[in-house]
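J.: Pasting in a structure now, in structure tokens, and then I'll have a few things to ask.
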Amino acid sequence: MPPRPDLALALVRIATGGVFAVHGWQAVFTTGLTGLTRLYAAAGVPLPLLVAPVTAILDLLGGVLLVLGVGARGLAGLLGGVTVLLTVARWAHGLLPVTLAELCALLVAGCAAVAVGGAGQPAVDGWRPGAVAPAKRTRSRR
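At position 95 of the sequence shown (counting the first as 1) the number is 95 in UniProt numbering, and the numbers step up by one without a gap.
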């Protein structure tokens, strides 16, 4: 079987987006925004009343869009950046268990792979009219 980097990127994108979507679902419907706000306040996250609902909705909707491959590169960069910021805030206050640190590292790595490598195939981004294949977007070396 020949190497399939587009399929590999798609698998990373789908797994990463799925974890974000499930985490967002839990934050909105299980923990609740009030509980998440309390958690963020205890962790020293600035403006927890604003950050909690924004991150919960971003995780839920952003995760679903990432699974589908809609705006995957930018969305992966945004989700990865927010994950880094929240991880650092929790770590600075001693509220980052090892298991959560490992999950955050994997999520950031998955986001970085999609942000750098693209959505892979299959992805909605690849089916848009006028979409350019990744190989054609790169500059030629001189």
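The beta carbon of each residue, even a glycine, is placed where N, CA and C say it ideally should be.
Counting contacts by CB-CB distance shorter than 8 Å, is Pro3 in contact with chain C?
T.: Chain labels in this structure do not include chain C; a single protein chain is all it has.
J.: Might you give, ordered along the chain, the residues of its own chain that have their beta carbon closer than 7 Å to the beta carbon of Thr37, omitting 5 neighbours on each side?
T.: Pro48, Leu49, Ala52
J.: Below 8 Å, how does it come out for the segment 54–62 and the segment 6–15: are there three or more Cβ pairs, yes or no?
T.: no
J.: So for Ala123, helix, strand or coil by DSSP?
T.: coil
J.: Assign Pro5 to one of three DSSP states: helix, strand, or coil.
T.: helix
J.: So, under 8 Å CB-CB, Cys104 and Thr87 are touching, yes? Tell me the CB distance rounded to an integer number of Å.
T.: 4 Å
J.: Could you check the C-alpha separation between Leu39 and Val19 for me, to the nearest Å?
T.: 19 Å
J.: Can you name, in chain order, every residue of its own chain whose Cβ lies under 6 Å from the Cβ of Leu113, other than the five neighbours on each side?
T.: It should be noted that the sequence gives Ala, not Leu, for residue 113. Around Ala113: Val12.
J.: Could you check how far apart the C-beta atoms of Val45 and Ala101 are, in whole angstroms? I think they sit under 8 Å.
T.: The beta-carbon separation of Val45 and Ala101, rounded to 16 Å, does not stay under the 8 Å limit for a contact.
J.: Check each candidate in Val124, Ala27, Ala41, Gly118 and name the one with the smallest Cα separation from Leu65.
T.: Val124
J.: Which residue spans inside the segment 16–103 form an unbroken alpha helix (DSSP H) run of at least 4?
T.: 32–42, 48–68, 72–92
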